[in-house]
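So, in structure tokens, the structure goes:
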């Protein structure tokens with residue numbers, strides 16, 4: 012088994028959480044979301060991001076607004092809804108529990 016496959020699956024598993032975290036502060040255009048993720052070493056492409064954004068919107072976790080652009084057509088800016096903020100809070104708690112569990116297992120290994 013190649014480690015790259017497992018690493019890709021791990022990234023996919025946390026991508027939704029990371030997208031919501033990126034959008035926590037302010038509305039962003041899709042390419043800005045991709046830039047934020049890439050800057051954090053979360054490799055993602057448009058073909059992965061757009062279906063996720065659509066699903067999160069359809070689930071009521073995201074909303075979007077069209078804004079005029081000086082560099083072409085209007086842009087769609089995504090932002091968290093109130094449900095999205097609550098969902099993100101729940102994911103944050105789950106993430107902390109998961110990290111704690113992994114760290115506990117790792118520390119037992121060292122003993």
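In the working numbering, the protein residues as written are 12 to 122. Idealized CB from N, CA, C, for every residue including glycine. Every value quoted in this text rests on a predicted model; they were computed, and no experiment measured them.
Item, Value
"Hey, could you find the ends of the beta strand (DSSP E) residue 36 is sitting in?", "Residue 36 -> no beta strand (DSSP E), and no H or E assigned at all."
"Within 10 angstroms of the Cβ of residue 61, are there 16 or more other Cβ atoms? Answer buried if so, exposed if not.", "exposed"
"What does the Cβ neighbour count give for residue 101, buried or exposed, with the cut at 16 atoms within 10 Å?", "exposed"
"Contact between the stretch 51–58 and the stretch 72–80 is defined here as three or more beta-carbon pairs at a separation below 8 Å; is this criterion met?", "no"
"Identify whether residue 49 lies in helix, strand or coil by the three-state DSSP scheme.", "helix"
"Which residue marks the beginning of the beta strand (DSSP E) containing residue 87, and which one marks its end?", "83–91"
"Would residue 58 be called buried (16 or more neighbouring beta carbons within 10 Å of its own) or exposed?", "exposed"
"Looking only at DSSP bridge pairs, what is residue 78 linked to?", "86"
"To the nearest angstrom, how far is the alpha carbon of residue 41 from that of residue 87?", "8 Å"
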